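Protein chains in written order, with the numbering used here: chain X, 19 to 327; chain C, 54 to 607. Beta carbons are placed, not taken as given, at the ideal position from N, Cα and C, and that holds for glycine. Keep in mind it's a predicted model, so treat the numbers as computed, not measured.
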């Protein structure tokens, strides 16, 4: 649904995006992660036809953003990272403006506006002036405006900033629902733990270069090829270390305390289960056995520290 | 066909979402009532005051006095309407556009699939919608004045059509200013000051012979159409300027000429706006369109200037008063053409010459696409061919003006051919180094350089002249100034022109004028060679840098 090939964006002498290539399938929720100034917004702006790249082939829904911008506009919903609204318009008037601007059928107008206002919990603010809304509410109004056209592709730049925890959960649910309807979502956020909850894929961009990209599982495997497993037993048993080391694929067994062990393992899930079964079979009193899984935040920190090429 | 045009008009006007949105925002009842009162009460006050003052007439017949009094209210009402639509409306458009650009709202509109034209019309009519409504509030006064004052309604309607066209052009100027300016307040005030300047400065240029410029205001139509109806006591010579428009060998009605000139300006502004809608980083004009604009301007200039050289056409001209002799008038007209061509060239070169990063971007792009050179229609292409085009066109027009001068002058021209070629050679030199300086430097550096080069030595000359009580310092320092230099190169062939400059020069025409003319050509020619060499070297180093970046990447 989104194809980016060799994208480069220059601002004067500064290169914001270096030869970025990316492919996002239909129905995916792709999390674009990176520090401020990494090139996320520049990439989004190119996708939204707001910025002309130095070079690169970019298509959205099969339409080339440089050559068919109006076709792209019809299928694309773009929400920028700051919430400008028409201060002197009422909430429903704001939605009405974009309903008409996207050329949606006027018979559906009331129903659609009511639906998106309900989705974004703004029904009660329908008659309020946009200028009087809080930042979070403006953010929700922008989301409502973006959902109005039922776009095939949604580009959301920091949509959760300014939202309260309740609204964030609602946003997550809305995005999951949209993805289940087959819409493609490209989202950037600084709240990395939230990205993990609903993103099907992520990409980490730094200094304009895409460092890693893929499903969360794939990205973690790229950064941490071997998984780290933790074992805790009820009482100390000198056999445990040896039993683990003898198992094929186990490396770097460490025991921070007499009842705790951790080790690296390169095998698959079924083989993990075999290790546990083996320990239990040897009458080892296992209290807990689990994987020390990296989350998106850990991945991002590792990439940021330059631990990943 | 009818259905299609109805749909197109609907999309542009009554169904236009941006227009409707602006109307919702700006026509909220409470604010509208306040604005309505602020407008209506002063207008009523002015109308009644003028009416009452004019009613105290020496005429016995009170009916005739009433008619004259109602006629007298027509122009004050028109001025009030001008303030509302042209001054306040223009400010609203510029401020509104700049505000939306600054806040990012304009980007939302860019992202909608509406046609760019519908977006432009939406803003053009929507941002000043309050002012249009306030104008409508004042129209009853105009109607009373026109009907009661027995003014011909056809002429009044024509006048108001031009009035609206002028307002549209000002609003388009404001939209362009709003889209280009970084701060809303700056854009708003820039546009308002422009309106005042246009109404003061352009009629003055009109009197100098460039009729075309006067038609960007409502003056020609107002005086051309209405003066006889309004019974105003105006200088007959002044009225001659507006009654008909001498253009080549034709005498055009002022309203028609105004439509042509305003239409041309609308096309230019719409072109700029469409380009800026497509991509904010686009140059305002393409190189080809800049050449087209320059060609039309040259056509309008020669069409306006030629009749003043003709013996057969009786045209009023301020210059004719100043230079009663053929020689001086011909020189003044050539001078005017040269200076205005230079001003237009500088402006257009500024608009179409790529900045350093645009050039670098173009070089990187062609390398990626395996192209040999930047295509000429890209913004990243150099502006030297365009500059050559400007020089070529200005040369043709200059030669045509010269030919007309030779044909119309009683005793022919005494000057040698090489002397006649000096002004346009100087123009070419200045166009070349302006192009080169613009290529090397960004906006601030470019205009800073021109200011230093053209104004600072002039000021030094003025200061020295004031201290020494001699004109020589001004004469010699003036060599760097394009207006002075153009003046010298034309005066060498049309010596009567120097009467404008002072007695000393006139008496010492031979020696001093030849020296300063030679110095002017040498100075500007030297700069042209130097800057063209610098620009070539600079471009080469830029290409090398771009290449290095590519190599490092690989």
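State the Cα-Cα distance for the pair residue 131 (chain C) and residue 188 (chain C), rounded to the nearest angstrom.
Cα to Cα, residue 131 (chain C) sits roughly 10 Å from residue 188 (chain C).
Check each residue of the region 70 to 92 of chain X: if its Cβ is closer than 7 Å to any Cβ of chain C, include it; give the result in chain order.
Cβ contacts with chain C come from 70, 72, 73, 88, 91 and 92.
Would you check if the distance between the CB atom of residue 203 (chain X) and the CB atom of residue 172 (chain X) is smaller than 8 Å?
Yes, the Cβ-Cβ distance between residue 203 (chain X) and residue 172 (chain X) is below 8 Å.
Unbroken alpha helix (DSSP H) runs of length 4 or more, entirely within the region 238 to 321 of chain X: which are they?
DSSP runs (the alpha helix (DSSP H)) wholly in the region 238 to 321 of chain X: 257 to 264 and 287 to 299.
Buried or exposed: which applies to residue 306 (chain X), given that a residue is buried once 16 or more other Cβ atoms fall within 10 Å of its Cβ?
Flag for residue 306 (chain X) reads exposed.
Going by DSSP, name the residue or residues bridged to residue 81 (chain X).
Bridge partners of residue 81 (chain X): X:78.
Just to confirm, is the Cβ distance from residue 32 (chain C) to residue 539 (chain C) under 8 Å?
The requested residue 32 (chain C) does not occur in the structure, where chain C is confined to residues 54 to 607.
If you draw a straight line from the alpha carbon of residue 335 (chain C) to that of residue 432 (chain C), how long is it in whole angstroms?
Each residue's alpha carbon lies about 7 Å from the other.
What did DSSP end up calling residue 232 (chain C) once you bin it into helix, strand or coil?
DSSP places residue 232 (chain C) in helix when its eight states are reduced to three.
By a C-beta neighbour count over all protein chains shown, 10 Å radius and 16 as the cutoff for buried, is residue 558 (chain C) buried or exposed?
Any reading at residue 558 (chain C) needs caution, since the residue's pLDDT is 46, under 50, leaving its predicted position unreliable; the model's value is listed next. Answer is buried; the Cβ neighbour count reaches 16.
What are the residues of the region 117 to 135 of chain X that lie near chain C, defined by any Cβ-Cβ distance shorter than 7 Å?
Listed by position, the residues of the region 117 to 135 of chain X near chain C (Cβ gap below 7 Å) are 118, 119, 120 and 121.
Have a look at residue 576 (chain C) and residue 426 (chain C) and give me their C-alpha separation to the nearest angstrom.
Spanning the two alpha carbons is a distance of roughly 33 Å.
Quick one: list the residues of chain X neighbouring residue 334 (chain C), beta-carbon separation under 8 Å, in chain order.
Residues of chain X passing the Cβ test: 69 and 70.
Does the region 178 to 194 of chain C come close enough to the region 80 to 100 of chain C to have 3 or more Cβ pairs within less than 8 Å?
A contact exists between the region 178 to 194 of chain C and the region 80 to 100 of chain C.
Indicate whether the contact test is met: 3 or more Cβ pairs, each with one atom in the region 135 to 154 of chain C and one in the region 83 to 98 of chain X, closer than 8 Å.
Flag = no, the region 135 to 154 of chain C and the region 83 to 98 of chain X do not touch.
Could you tell me the boundaries of the alpha helix (DSSP H) in which residue 123 (chain X) lies?
Taken as a continuous stretch (DSSP letters only), residue 123 (chain X) belongs to no alpha helix (DSSP H), as it is neither H nor E.
Comparing alpha-carbon positions, which option in C:151, C:494 and C:443 lies nearest residue 233 (chain C)?
Nearest of C:151, C:494 and C:443 to residue 233 (chain C), Cα basis: C:151.
In this structure, does DSSP put residue 150 (chain X) in helix, strand or coil?
Residue 150 (chain X) falls in the helix class under three-state DSSP.
Locate the beta strand (DSSP E) running through residue 36 (chain X), then write down its first and last residues.
Unbroken beta strand (DSSP E) run through residue 36 (chain X): 32 to 42.
Taking 8 Å as the threshold (C-beta atoms), are residue 158 (chain X) and residue 138 (chain X) in contact?
A contact, by the Cβ cut-off of 8 Å.
Just curious, the beta strand (DSSP E) that residue 445 (chain C) is in, first and last residue?
Run containing residue 445 (chain C): none in the beta strand (DSSP E); it sits in the alpha helix (DSSP H), 437 to 461.
State the DSSP-derived secondary structure class of residue 232 (chain X), mapped to helix, strand or coil.
Residue 232 (chain X): strand per DSSP, three-state reduction.
Check for me: the beta strand (DSSP E) holding residue 21 (chain X) runs from which residue to which?
Taken as a continuous stretch (DSSP letters only), the beta strand (DSSP E) holding residue 21 (chain X) covers 20 to 29.
How far does the beta strand (DSSP E) with residue 64 (chain X) in it extend, from its first residue to its last?
Premise fails: residue 64 (chain X) lies in the alpha helix (DSSP H), 58 to 65, not in any beta strand (DSSP E).
My assumption, with CB atoms under 8 Å, is that residue 228 (chain X) sits in contact with residue 65 (chain X). Please give the rounded CB distance.
Not really, about 14 Å apart at Cβ, beyond 8 Å.
Identify every residue that forms a DSSP beta bridge with residue 161 (chain C).
Answer by DSSP bridge pairing: none, since residue 161 (chain C) is not bridged.
Check whether the Cβ of residue 165 (chain C) lies closer than 8 Å to any Cβ atom in chain X.
It does: the Cβ of residue 165 (chain C) has a partner Cβ on chain X nearer than 8 Å.
For residue 50 (chain X), name the three-state secondary structure that DSSP assigns.
Residue state, collapsed to three classes: strand.
Please work out which residues of its chain come closer than 6 Å, Cβ to Cβ, to residue 325 (chain X), disregarding the five sequence neighbours upstream and downstream, and give them in chain order.
Caution is warranted here: a pLDDT of 49 is assigned to residue 325 (chain X), below 50, making its placement in the model unreliable, and no coordinate value can be reported.
Thinking just about the alpha-carbon of each residue, which of X:110, X:119 and X:149 is nearest to the one in residue 136 (chain X)?
Answer by Cα proximity: X:110.
Given this structure, state the Cα-to-Cα distance separating residue 266 (chain X) from residue 315 (chain X), to the nearest angstrom.
About 30 Å.
How about residue 343 (chain X): is its C-beta nearer than 8 Å to some C-beta of chain C?
The shown model of chain X, from 19 to 327, leaves out residue 343 (chain X), and the question about it has no answer.
Tell me the DSSP bridge mates of residue 299 (chain C)?
DSSP, once it has assigned bridges, lists C:304 as partnering residue 299 (chain C).
So residue 34 (chain X) packs on residue 223 (chain X), CB below 8 Å; how close in whole Å?
Contact doesn't hold; Cβ gap of about 10 Å is too wide.
Buried or exposed for residue 95 (chain C), going by 16 or more other Cβ atoms inside 10 Å?
By the 10 Å Cβ count, residue 95 (chain C) comes out exposed.
Hey, is residue 607 (chain C)'s beta-carbon within less than 8 Å of any beta-carbon in chain X?
For residue 607 (chain C), the predicted model reports a pLDDT of 41, less than 50, meaning its position is unreliable; a value from the coordinates is still stated below. Not one chain X Cβ lies under 8 Å of residue 607 (chain C).
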